[in-house]
Structures are given as structure tokens and as C-alpha cells.
Amino acid sequence: SAVLPSGQVIISGGEYNTNGNYDRTVLYDPVTNSWSDIPKPSFATVISDAPSVVLPNGQFMLGLCVTSPAMGALLNITSLTWTQKKFFNKIGAWCDEDGWTMLPNGDMLSVPTSNGGQPVAEVYNFATDTWSVSGSTVNMLPADGEMGPEILKPDGVFIAFGASGNVALYDTVSSVWSAGTPMPLIDGNRCHTTDAPTAVLPNGNVLFACATGPGFGNSGAFFFETDGFTYKPITPALSNDFPYQYSMLVLPTGEIFMTNPSSIYTPSAAQKQYQDAWRPVIASIQKTTLCAADTNIKISGTLFNGMTTGAAYGDDVQAATNYPLVRITNMASLHVFYCRTHDHSSMAVQDKTSTVSTYFDVNRNIEVGASTLVVVTNGIPSQPITVTISKTCS
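Counting in our numbering, the sequence shown runs from 37 upward without gaps.
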């Protein structure tokens, strides 16, 4: 699943064939509040256990991973047709249970579960449709055909959590892997992330869930904050649930929304302390006097797609939030209004130099008067600019 640059939401496949739904791809349009079906790729046998990613240029790629050999499907959102990606030199015959993570250079990094028993990772280059080995993860990460979440942190370090309980770190500048600290012991048993969620906090550390015991665990869910080396427990542990039952989504406030059961994790003051260099920067806006009926207002700047994709799980859930939102706050009432953004010019993460843009539609319920406007991505806002919300439109 993904939010596309258009602002539409795409959902494809599923793990189980409930009423035939794991072969469906559907598109949600927030403007018309309607769903529509997208034809299945003609070259796909089934869509199941399917990772997906939105490329820097905004195209959506789906993994066809339970067939052998594994392949990709690239969607043309205009014609609603798919193009086959051959996945040349892919390690192993499958890619189910794998997670896909965008890197700052536009490539995609993955720790494959179909790895021939070797602690390896691989990088996919979209232009050549080719995978290549990115090096050894030092310790084995997958276990029993499962893998934990993988995500890029704002400091440029990719962190991979293993179903084995091991953790590995990949420096995207030096292209070097190193071992992180293994996950904590709980009552003498190693915690592990066999199908589990993670989300990046505003301070650049990650929140993740883990369990102890065989398979998906028999201890319930435990939550930790980590940078890959030290672990801070987040209490209380949820003893009646398991990590695989949760997914995470980064909210524009920096809070983390969790599903099953629905709950919100509110970061501490320390967890909210982001670096100024991670903030989006507004360079220009089409106009600063706005009204409730205004649509398609262009705003441009840098780092609108943030420093990370926000949250990860793996093949079962994708919840990337590397797209800009516009938030307007009325200076008098301090009431906050979010505006729908759409037609983002880029989806590239950690691009600090390219000027990018998006368009926003002013919230129809917005209050008039002097206000501040920020672009916010993954809970990190730009410096505010002053705008005026007028009763009449010009």
C-alpha cells in the first residue's frame, strides 16, 4: 500500500485469499471519496506477500514475490497498466517476507529471506532493473523464513532488525555494514522481530516492537526505542498481543499511530528533539493571501519528502509518509488546519539540494485572519511563514 504523489491511495494484494481479495489492487480517490479497481498485471500469477515502494519519480512498484522467479510490476497511474521488471541477478527465487527501503541515492535496499543461508543484503537499481550484493550484514538476520522491519534513519544509517534477534546497520555514505547491538534479553530470552513494526521518531531513533519465544513469539509485545546500539524500554509491555498484530504510522505531529488495537504513542520531549538540518525549507509560495476556496496553490522548497520513509514492517504492511503536508495555524485562536496536498514533484528521501514542489488545497473549514503556514513531513515542520486567510478570494 502507498500514498501516491497524486494524493491517491493504492492497496494491492494480501497474505491470504479471503474472498479472492489477495489478487485485487484498488485505488482510493480522496477528492471523490471513491474506490476503483486496477486490473491485475497480466504477467502475475498471484499478488500475495507483496512488498511495494514508491520510486523517487513517483511511480509505484509492486513485488510479485511468491512466484519463481520473483519479479516486479511498475504501475502507470495514467493508463492503469503494468510493466514487468525482470529483477536481474536477484538473490534467490523469492522475495516474499522481504522489506524494501529507498536509499538517498534512489536505489532500494533489502535483506532477503531467500539468501542461500548467507548473511547478505542486496541493492536494486531501477534504471538497469538489476540487483547487486551490497555486502555482508555481519550476522544472520532472517530466521525461519521471516525478517524484521528495515528503515532508513535521518542520520543516513539504514537499520535492519532481524527475526533472529540480531541487528545490522548500513552506512549509506560509506556503503559499509556493521553489527548493531543484539536486541535485549527479557527473562533470559532474546527479543526478536519476526514480522514486527518500526517507526522513526522525530529525534532520529526508532520505536519498534519485539517478542521472545519461538515463531512469532509467546511473550506478548515489548516496545523499545533504539539507535541500533542502546535500547530504552517503552512501558508498559502489551502482554496479550504480539508484534505481528501491530503496524505503525508516523503522524504529522510526530506521534506514532498504532493499529490493533488502535492507539497513539506520544513521544517524550527528548524524542521530539529533531535537528534543524532535517526540517523542510520553504523557498516560495504562489501567494500568501489565501481563502477557503483556494485550490492548487503551489509551494516549493527543499526536503519536502523528509529524511526517512517514516515507518516500516516488511512485505505485509507499507506505511511510508515521505510526502509533504501543509499545516496552517490561526494566530488568534491557535486552531490548526491541515490542507490536502497533491501532485508532489518528487518522492526522494534525504534530497537536501533539489528544489521540489507540491500543491495544496486550502481547508474549507479554515478560520480567517493572520496565520502561520508550515510544510511538515514525518512530524518535522519547516520554519513557519506568515499568511493571511481572507473572507474573499482574489
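A virtual CB, placed ideally from N, CA and C, is assigned to each residue, including glycine.
| Asked | Found |
| --- | --- |
| Whether asparagine 414 touches valine 385 by CB criterion (7 Å) | no |
| Which of helix, strand or coil DSSP assigns to aspartate 312 | helix |
| Cβ pair isoleucine 32, leucine 326 closer than 7 Å | Look at the range of the chain in this structure, 37 to 430, and you will see that residue 32 is not part of it. |
| Endpoints, the beta strand (DSSP E) within which leucine 177 is located | Leucine 177 -> no beta strand (DSSP E), and no H or E assigned at all. |
| Every unbroken beta strand (DSSP E) within the region 197-228, with a cutoff of 3 residues, ordered by chain | 203-207 and 212-215 |
| Among Asp397, Gln354, Val169 and Ala235, nearest to tyrosine 374 - alpha-carbon criterion | Asp397 |
| Residue from Lys427, Gly49, Thr114 and Pro105 whose Cα sits closest to the Cα of leucine 40 | Thr114 |
| Start and end residues, beta strand (DSSP E) containing proline 269 | 267-274 |
| Of the residues Thr234, Thr119 and Thr271, the one placed nearest phenylalanine 197, counting alpha carbons only | Thr234 |
| Whether serine 418 touches proline 316 by CB criterion (7 Å) | yes |
| Backbone CA spacing between valine 89 and proline 140 [nearest angstrom] | 14 Å |
| For leucine 370, the first and last residue of its enclosing beta strand (DSSP E) | Leucine 370 -> no beta strand (DSSP E), and no H or E assigned at all. |
| Residues that DSSP places opposite phenylalanine 96 in a beta bridge | Val90 and Leu111 |
| Continuous beta strand (DSSP E) stretch holding leucine 63: start and end | 61-65 |
| Rounded Cβ spacing between phenylalanine 124 and aspartate 165 (contact assumed at less than 8 Å) | 6 Å |
| Spatial distance of proline 92 from isoleucine 187 (CA atoms) | 16 Å |
| Buried versus exposed, by CB contacts within 10 Å (16 or more), cysteine 429 | exposed |
| Counterpart residues of serine 255 in DSSP-defined beta bridges | The partner list for serine 255 (beta bridge, DSSP) is empty, contrary to what the question assumes. |
| Through-space distance from valine 362 to proline 178, alpha-carbon basis | 39 Å |
| Residue interval of the beta strand (DSSP E) (run including methionine 284) | 284-286 |
| Simplified DSSP assignment, three categories, for proline 185 | coil |
| Selection from Thr391, Val404 and Ala348 that minimises the alpha carbon distance to proline 185 | Ala348 |
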